[in-house]
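Here's the structure, in structure tokens; my notes come after.
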């Protein structure tokens with residue numbers, strides 16, 4: 001049973017999208033890979049990931065598995081433009097706001113190391129606030 005979903009507008013006749021699970025190193029419900037082809041004809045890979053958080057008091061199915069699998073993929077961003085998005089459940093100073101940074105998780109360390117090694121670029125500036133706090137709460141940066 002898949003644990004990720006990506007919605008694509010069906011009314012866009014100039015955008016062709018195909019699911020490309022065949023490009024994954026191994027079959028998993030935690031990563032969905034799509035290949036989109038727009039009007040200029042150049043493909044764009046879209047990778048959507050879910051990585052379960054560590055178990056806290058209950059049972060979590062495959063905690064951190066999505067991040068580990070992502071880092072094993074041959075995404076070849078230099079020859080195939082690629083966007084990676086999802087719910088990583090990963091905390092790290094590389095993408096957390098100073099006001100909300102309280103801990104680094106194992107998934108966060110693993111993902112940050114992979115981002116640096118593979119020369120990926122984060123879509124938000126370090127320290128960016130992307131979640132406004134409710135009354136009495138601090139503004140924070142959510143986990144990746």
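In the UniProt record's numbering, the protein residues as written are 1 to 144.
Note that the Cβ used here is the ideal one computed from N, Cα and C, for glycine as well.
All values reported here derive from a predicted model rather than from experimental measurement.
Neighbour-count burial assignment, residue i, 16 or more Cβ in a 10 Å radius
i	result
residue 30	buried
residue 117	exposed
residue 91	buried
residue 39	exposed
Nearest-angstrom Cβ-Cβ length linking residue i and residue j, presumed shorter than 8 Å
i	j	result
residue 8	residue 44	So it is not a contact: roughly 12 Å between Cβ atoms.
residue 6	residue 32	6 Å
Closer than 7 Å: residue i CB and nearest the ligand ADP heavy atom
i	result
residue 133	Because no ligand of any kind appears in the structure shown, any question about the ligand ADP cannot be addressed here.
Paired residues, beta bridge with residue i - DSSP
i	result
residue 18	35
residue 50	87
residue 40	The partner list for residue 40 (beta bridge, DSSP) is empty, contrary to what the question assumes.
Cβ shell of residue i (< 6 Å), same chain only, five flanking positions each side left out
i	result
residue 75	82
residue 139	129, 132 and 133
Chain-order list of residues whose beta-carbon lies under 8 Å from that of residue i (same chain, five-residue window excluded)
i	result
residue 14	38 and 39
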